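As structure tokens, the structure follows; a few thoughts come after it.
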Amino acid sequence: MRFVRKLVSLFRGDSSEIDAETKQRVDYASKIVGDVLNPQLEMLKLEYGVVPNTGSIVSARSRGYLLGLVARVMGELPEDFAISHAQHLGAAAFSLVYGQERGIPLFVQSVNEHKAGDPEIAAGSNRGVVDASYLVEGASMSPMNFYLLNSSV
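If you want this note's numbering, it's the position in the sequence shown, counting the first as 1, plus 179.
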């Protein structure tokens with residue numbers, strides 16, 4: 180739950196006034212991201228915001244994974260909400276994993292690489308979509324792709 184609270188606060192920014200419907204959507208998106216990432220980071224013995232600067236954890240595939248995770252979660256929400264909030268959730272998710280100082284630039288870099296058609300970003304993104312789908316669609320399988328990408332760290 181610590182992850183969800185932190186993600187919600189980063190996602191919302193400094194805005195303390197938020198309507199009930201938006202709050203519900205933010206909480207939903209944040210919970211799924213947390214439910215997917217929490218167990219995997221625990222298995223990797225990594226703490227939020229202090230993951231290594233090098234190696235597979237910052238690879239294009241790992242960053243693509245986070246993009247795919249966020250995209251799949253936002254795909255569950257109304258289109259107008261998703262369009263206006265996806266950037267915030269993406270930046271928040273990257274900040275939680277990599278720390279705010281590194282997370283936001285890595286998020287922007289990853290989005291730009293995705294737009295340019297980077298195949299490694301795309302491959303990681305596909306894995307993130309799959310993992311989020313497990314939870315969104317109620318599958319009994321546990322999301323493991325971020326762990327599998329980084330288990331040799």
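For each residue, glycine too, the CB sits at the ideal point set by N, CA and C.
Since the structure is predicted, the reported quantities are computational estimates derived from the model, not experimental observations.
- The Cβ-Cβ distance between residue 311 and residue 230 does not fall below 7 Å.
- Going by C-alpha positions, residue 297 is about 26 Å away from residue 227.
- A distance below 7 Å separates the beta carbons of residue 307 and residue 248.
- DSSP, read as helix, strand or coil, puts residue 298 in helix.
- Remark: C-beta atoms of residue 329 and residue 235 approach each other more closely than 7 Å.
- The Cβ atoms of residue 292 and residue 300 lie closer than 7 Å to each other.
- Apart from sequence neighbours up to five positions away, the residues of its chain that approach residue 239 with a beta-carbon distance below 7 Å are 292, 297, 299, 300 and 303, ordered along the chain.
- Distance from the CA of residue 322 to the CA of residue 221, rounded to the nearest whole angstrom, comes to 13 Å.
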